[in-house]
Amino acid sequence: MITNPKQIVSLILIAASLAGFCFADASMMSTEASAKEPAVEFDWQWCGWGGGGFYQASVFHPVKEGVIYMSGDVAGVYKTEDFGKQWRMINHGLTSHEVYSLAIDPKNPETIYASTVLGLSKSTDGGEHWTTSPNTGPKQLAIIGQRNKTIHSIAVDPANSNVVYASTPAGKIYKSEDGTQTWSVVYALKQAGAIYSVAVNPKKTSQVLGATQTAGIVLSDDGGKTWTELNTPANAAHVAVAPGDGKTLYGSFFTNGVHKSVDGGQTWTPCDPDAKNKARVIQVSVDSSDPNRVYCISSSEWTGRFFASNDGGVTWSENSRIKPNYKEDPTLPDEPRQNGLIPMSGLAALAINPNNPDHLYISGNWRSVFSNDGGKTWEERVHGADITCFSDIRFSGNRAYATAMDEGLLVSDNAGSSWSQVWPRAYEQNLSGHNWQVSVTQNKGVDRIVSTVTPWNKTVRNNAVVISEDGGKTNKISDAGLPDYMPKLNTMWGEGYMRALTVDPNNPKILYAGIDGDAEAGKRGGGVFKSGDGGYTWKQLPNQPGSRRMFYGLAVDPTDSNRIYWGGCGKDGGLWRTEDGGNSWEKVFAGETWIWNAVAGKDGAAYCTGKNVWRSVDQGNTWQQISHFSNNRSLSGLQVHPDNPKIIWISATNWSTDTDGAIYKTIDGGATWQDITGNIPYRKPIVLRYNPVTSELWAAGVTLFKLKQ
78 MITNPKQIVS LILIAASLAG FCFADASMMS TEASAKEPAV EFDWQWCGWG
128 GGGFYQASVF HPVKEGVIYM SGDVAGVYKT EDFGKQWRMI NHGLTSHEVY
178 SLAIDPKNPE TIYASTVLGL SKSTDGGEHW TTSPNTGPKQ LAIIGQRNKT
228 IHSIAVDPAN SNVVYASTPA GKIYKSEDGT QTWSVVYALK QAGAIYSVAV
278 NPKKTSQVLG ATQTAGIVLS DDGGKTWTEL NTPANAAHVA VAPGDGKTLY
328 GSFFTNGVHK SVDGGQTWTP CDPDAKNKAR VIQVSVDSSD PNRVYCISSS
378 EWTGRFFASN DGGVTWSENS RIKPNYKEDP TLPDEPRQNG LIPMSGLAAL
428 AINPNNPDHL YISGNWRSVF SNDGGKTWEE RVHGADITCF SDIRFSGNRA
478 YATAMDEGLL VSDNAGSSWS QVWPRAYEQN LSGHNWQVSV TQNKGVDRIV
528 STVTPWNKTV RNNAVVISED GGKTNKISDA GLPDYMPKLN TMWGEGYMRA
578 LTVDPNNPKI LYAGIDGDAE AGKRGGGVFK SGDGGYTWKQ LPNQPGSRRM
628 FYGLAVDPTD SNRIYWGGCG KDGGLWRTED GGNSWEKVFA GETWIWNAVA
678 GKDGAAYCTG KNVWRSVDQG NTWQQISHFS NNRSLSGLQV HPDNPKIIWI
728 SATNWSTDTD GAIYKTIDGG ATWQDITGNI PYRKPIVLRY NPVTSELWAA
778 GVTLFKLKQ
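Here is the structure:
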C-alpha cells in the first residue's frame with residue numbers, strides 16, 4: 078500500500094515547487110489581522126481520530142510514569158500521560174510538522190529535542206513550548222531529520238546537559254557544549270552517506286558512537302576528538318549501549334541484521350533474529366539493567382516485525398501481531414484477524430521505559446502500539462494522536478462525513494466524538510486509496526453519498542467515484558467516462574487527481590468533478606467532467622478552461638446552474654467562468670494566477686482565493702479585493718456563512734513543512750479580519766466547513782478540529 082505518498086504535506090510541497098513560489102513568514106496588520114499570539118478565547122476542540130498515518134519516533138519520560146512522546150511525519154509531536162491511552166498535540170513553537178527523531182535529556186528530563194526537516198527544535202517544559210536551535214536549518218548547518226535517513230539522530234550526555242550530539246543525513250556528527258546554541262563538526266564520513274543514529278555510553282560519557290551508512294559503526298573515546306571505524310558491516314542503522322555494563326554493544330544493520338560486541342566494540346558477532354527473511358532491522362535496544370535482554374524491530378515493505386531475546390541475542394522470539402482499537406482508530410474494521418489480532422505494519426522506532434523495561438512503545442505505520450509485558454502482547458494506543466490527512470468534510474444535520482488520503486470515508490453521528498468507517502472497511506484493490514471530496518444530499522430522508530477516489534492500485538482503476546444510495550451501507554464504484562489513465566501534463570502534484578467535486582444546488586443528480594492535467598498526444602487529459610445521473614457516468618465537458626491545473630476551485634452558481642466557476646493555477650491561471658454549462662469558457666478574473674478555491678453563495682455572489690480573498694456580486698464580471706494580506710501565504714480554506722454572506726472564514730498556509738499558518742474571520746464582508754487561530758495545534762488547515770445545525774466551524778488538513786461560531 079502506498080501510505081506515505083498520502084501525506085498532504087509532501088504533495089503540496091510538489092505543488093509549491095511547480096509553482097516556483099518562495100514563501101516568507103511575515104505578519105498581517107491592519108485589515109489583515111495581527112500576527113500576535115492568538116487569543117485564548119478561540120478554543121478549538123479536537124474532533125478526529127487517531128492512527129492511519131506514519132509515526133516516526135517515540136521516547137519515554139525517564140521519571141514521570143506514563144509520559145511518552147511521539148512524533149509524526151506530517152503533524153509534529155504528541156504527548157501522553159497515561160501510557161498512550163490519550164494523546165494530544167504539542168506543537169507550540171515547533172519549527173516543522175515533519176519530525177523524525179526525539180531525545181530527552183536524562184539529567185533534566187523536561188528538556189526534549191526534536192529533529193525536524195527544518196532544524197533542531199528544543200523544549201525545556203516537557204514539550205509545551207519549543208524554540209529552534211540557532212543555525213540548524215537546512216540552509217545552515219543542516220542539523221535536520223529526513224525521511225529514510227534519520228533514526229535516532231540526537232543524543233544528550235547523561236552527565237552534562239549542555240553536551241548534545243546530533244547526526245545528520247549529510248554524513249556529519251555535530252557536538253554542542255552549550256545546550257545547542259553553537260555547534261562544531263566532530264566527525265564527517267569520507268564516503269557520502271547518512272549518519273542515521275548517534276549514542277552516548279551512559280557508563281562512560283566521553284564515549285560516543287555513530288551508526289553510519291558507509292563506514293558502519295564509528296566510535297570516539299574522547300568526546301568526539303578522534304574516531305575509530307569499527308569492524309562492522311558498512312550500513313549501520315542504529316547502535317545501542319547496554320546501560321548495565323557499558324561494554325556490551327548491539328548494532329542493527331538493515332538487511333545484515335543484528336551484531337553484538339561484548340568488548341566495547343573491538344570484535345563483533347552476528348546475532349540476527351531474522352536471517353532467513355533478510356528484513357531491514359531498523360533498531361535494537363537493551364534493557365536498562367540487563368545487557369542480555371534485547372529487543373529489535375524490522376520492516377519489509379509494509380510489514381513490521383518485533384523480536385525479543387533474553388540471552389543476549391543467542392535466541393529470539395517474535396511477536397508481531399497486535400490488538401487493534403477500532404473505537405479510537407476506526408479504520409479498516411473488517412480487516413482479517415486471527416484471534417482478534419492483526420499484523421504489525423511498517424515500524425519506525427522502539428521506546429523502552431527506563432523505569433520498567435517491560436513497558437515498550439513502538440511507533441510506526443497506521444497503528445502505534447504499547448506493551449506492558451516485554452512484547453508478549455501488544456495493543457494499539459493512538460487516541461488523540463491524529464495524523465490523518467483530511468481532504469473534505471460535509472454535513473447532514475448533526476452527522477459529519479470526512480474524506481482522507483489513504484483512509485477513505487468516515488462518518489460521525491455525534492459531532493466528532495467518535496467515528497466509524499464507511500469505506501473501505503478492509504483493503505479493496507479498486508477502492509482503497511486516496512478519497513478526495515465528498516457530496517452528501519438527502520433522498521427521502523436517507524443520505525446519498527458520492528466521493529471521489531484515486532485507488533493505490535492503478536492497474537485496476539485510476540480516478541473514480543464511489544456512490545451510496547443508502548447512507549453508506551452499500552456502495553458502487555464507477556469510472557465510466559473518466560480518463561483511463563492518470564494525466565501528468567501540467568498537474569499540481571505530478572498526476573491528475575479527482576480533487577474537486579460539486580453538486581448542482583438545483584438538481585442533486587447533476588455533479589461536476591475536476592481532474593487536473595492537460596491533454597497530450599492521443600489522450601484527452603483532465604479538466605471539468607459532468608454527470609447527469611448522480612455520478613454513475615461522466616462526460617468531459619466539450620470545452621475546457623484555459624488552465625486545467627487546479628486545487629479545490631470548482632463551484633456552481635445556485636442562481637443559474639449553467640454558470641460554473643473554475644479556479645486555474647499557474648500558466649493561464651485565474652478564475653474561469655462558463656455561462657452555458659461548459660460549452661465555452663472565459664477568464665473573468667486575472668488578478669491572481671493561483672486560485673486555490675472558489676465558492677458561489679446563495680445570493681449569486683462569487684468568491685475566489687489566491688493570496689487574498691476576492692468577491693464578485695455581478696456574476697464574475699467585476700471583482701473586489703476584500704482582504705489585504707501582504708505576506709505570501711496562500712488562502713486555501715474558504716467558507717461563506719450560508720445565511721449571512723458578511724461572515725466569511727479563510728485559512729492560510731504557505732505550502733511548506735513548517736508550522737506557519739492561520740485562520741481568519743470577517744463579520745463585515747471583509748472590511749476587517751480577525752485572527753481566530755487560537756489554540757489549534759495544526760495552524761494550516763486546507764479545508765474549512767461550517768455546520769449551521771451545530772453552529773460549528775470545522776478545520777481540516779492534517780488533523781481535524783472544530784470551533785463554536
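Counting the sequence shown from 1 gives a position; the working numbering is that position plus 77. Glycine is no exception: its CB is placed at the ideal position from the N, C-alpha and C atoms.
{"query": "Simplified DSSP state of methionine 166, which is helix, strand or coil", "result": "strand"}
{"query": "When Asp556, Ala596, Ala492 and Lys226 are compared against alanine 314, the one with the closest alpha-carbon", "result": "Lys226"}
{"query": "Backbone CA spacing between threonine 22 and lysine 550 [nearest angstrom]", "result": "Within the shown structure, residues of the chain are numbered from 78 to 786, placing residue 22 beyond reach of any answer."}
{"query": "Length at least 3, wholly inside the segment 247-276: the beta strand (DSSP E) runs in chain order", "result": "249-253 and 261-265"}
{"query": "Same chain, Cβ closer than 7 angstroms to proline 235, five either side skipped, listed in chain order", "result": "Pro183, Lys184, Val277, Pro279 and Thr282"}
{"query": "Strand pairing of leucine 784, partner residues [DSSP]", "result": "Leu774"}
{"query": "CB contact flag (threonine 518, methionine 575, <8 angstroms)", "result": "no"}
{"query": "Threonine 303 classed as buried or exposed, judged by whether at least 16 other C-beta atoms fall within 10 angstroms", "result": "exposed"}
{"query": "Cβ-Cβ distance between leucine 712 and asparagine 689 below 8 angstroms", "result": "yes"}
{"query": "Which of helix, strand or coil DSSP assigns to valine 316", "result": "strand"}
{"query": "Threonine 614 - partner residues in DSSP beta bridges", "result": "Ala557"}
{"query": "Opening and closing residue of the beta strand (DSSP E) in which phenylalanine 472 lies", "result": "467-473"}
{"query": "Secondary structure of glutamine 506, DSSP reduced to three states", "result": "coil"}
{"query": "Residue environment, asparagine 442, which counts as buried when at least 16 other CB atoms sit within 10 Å", "result": "buried"}
{"query": "DSSP state of histidine 705 mapped onto helix, strand, coil", "result": "coil"}
{"query": "Those residues which DSSP pairs with leucine 578 across a bridge", "result": "Ala590"}
{"query": "Test item: CB-CB of phenylalanine 606 and phenylalanine 160 under 8 angstroms", "result": "no"}
{"query": "C-alpha distance - aspartate 556 paired with proline 186, whole-angstrom precision", "result": "55 angstroms"}
{"query": "Buried/exposed call for glycine 599, threshold 16 Cβ in 10 Å", "result": "exposed"}
{"query": "Touch test, the segment 729-745 against the segment 629-649, Cβ-Cβ under 8 angstroms, three pairs minimum", "result": "no"}
{"query": "Exposure label - leucine 774; buried when at least 16 CB within 10 Å", "result": "buried"}
{"query": "DSSP beta-bridge partners of valine 676", "result": "Tyr684"}
{"query": "Three-way DSSP call (helix, strand, coil) for tyrosine 629 in this model", "result": "coil"}
{"query": "DSSP beta-bridge partners of cysteine 348", "result": "Cysteine 348 pairs with nothing; no bridge assigned."}
{"query": "Alpha-carbon to alpha-carbon, proline 401 and phenylalanine 131", "result": "16 angstroms"}
{"query": "DSSP state of cysteine 646 mapped onto helix, strand, coil", "result": "strand"}
{"query": "Boundaries (first-last residue) of the beta strand (DSSP E) holding tyrosine 562", "result": "Per DSSP, tyrosine 562 belongs to no beta strand (DSSP E) and is neither H nor E."}
{"query": "Contact set for alanine 92: own chain, Cβ-Cβ below 7 angstroms, skip 5 residues either direction", "result": "Because the pLDDT at alanine 92 is just 37, under 50, the model does not fix this residue reliably, and the value given afterwards should be weighed accordingly. Met569, Trp570 and Trp732, listed in sequence order."}
{"query": "Beta-carbon contacts of glutamine 258 that lie in its chain and below 8 angstroms, excluding the five residues immediately before and after", "result": "Ser210 and Pro211"}
{"query": "Cβ-Cβ distance between alanine 134 and serine 178 below 8 angstroms", "result": "yes"}
{"query": "Rounded Cβ spacing between proline 532 and leucine 508 (contact assumed at less than 8 angstroms)", "result": "6 angstroms"}
{"query": "Exposure label - asparagine 583; buried when at least 16 CB within 10 Å", "result": "exposed"}
{"query": "Buried versus exposed call for aspartate 561 [16 or more other C-beta atoms within 10 Å across all chains shown]", "result": "exposed"}
{"query": "Secondary structure of arginine 382, DSSP reduced to three states", "result": "strand"}
{"query": "Continuous beta strand (DSSP E) assignments of at least 3 residues falling wholly in the segment 409-444", "result": "424-430 and 433-441"}
{"query": "Reduced DSSP category for proline 215 - H, G, I as helix; E, B as strand; rest coil", "result": "coil"}
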